[in-house]
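Residue numbers for the sequence shown follow our numbering, beginning at 33 and rising by one. C-beta atoms are modelled at their ideal positions from N, C-alpha and C, and glycine is treated no differently. These notes concern the structure reproduced below.
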Amino acid sequence: MKLGIVQASSVESALNLTDKALRQGARVVLLPKDWTVSLDLVPVSEFQKIAKLFTAHIVLGGLYDGFSVVSPIITPDGRILGLSKMIYPDVKDAVPGTELVAFKSSGNKFGVLIGSDLLHSELVMALLKQNIDVVLVPSAVPAESLQWWSDVVKLRAAETGMVFVNSNLFVPSRSGGHSLIAVPSLEEDRIAGVVKEVLGEGEGLAVVDVDTTSLIGLRARKLSEIGREVKVNLLG
């Protein structure tokens, strides 16, 4: 299944790059967090048109709608399927979400974690328990934090057996780009998070073909570990 990441920082480039990703065969396209100031400035109807034209899902990143930080999900028939809300919002006075959102595309289950929600293990594990195939992570991580952020994305893929698609905003002096797709891989009986694609600085796009069916066994292995109880022996 082809997955697209768009690294855009304006309405015009977001539409243009999304269109290009879909023309390259992407079935799901993810935009970054904060690529425009608010959801009110997004030409949602234009994105609905191109989603319908290419019969694909478009996830509009993470944007403040005046109440919460949300990620609108557009279906292949051009409908707004729903909004994924940031559970731990980084916008002052934003209303936190109370549940995670998932959807299906081409036989795969997708979950959404906005920005720093990725750092909360209970949210990641909640998606794993629902046997999610791919986790979409729109973010706006600054350049000085990109190394550890990349390590976290890879770690999440390794510890869950799920694919993690991260679209990170690039705006000089504010956010560092370098979006990536991390795929779990079995290496010498251990699961590692392998980076399949990394964008650099500046605006751009990437489309990566991921065989999610080959990862079912890895995810089943991780699911079996969730219920495992380990005793803690307090010494002294």
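*With respect to the alpha helix (DSSP H) encompassing G249, which residues constitute its N-terminal and C-terminal limits?*
248 to 258
*Rounded straight-line distance, which links the Cα of S77 to that of V156*: 31 angstroms
*When the Cα atoms are used, what is the spatial distance from D221 to R260?*
19 angstroms
*What beta strand (DSSP E) runs, 3 residues minimum, are completely inside the segment 139 to 198?*
140 to 144, 166 to 171
*Should K136 be labelled buried (16 or more other beta-carbon atoms within 10 Å of its own) or exposed?*
exposed
*Ordered along the chain, which non-local residues of its own chain (more than five positions away) have a Cβ less than 7 angstroms from that of D109?*
K84
*When DSSP builds the beta bridges, which residues end up paired with A134?*
G143
*Quick one: residues in its chain with C-beta nearer than 8 angstroms to the C-beta of V184, no 5 flanking neighbours on either side, listed in chain order?*
L150, L151
*Less than 9 angstroms separating the beta-carbons of L145 and L132?*
yes
*Relative to the C-alpha of E235, which residue among A214, S199, V226, E257 is closest?*
S199
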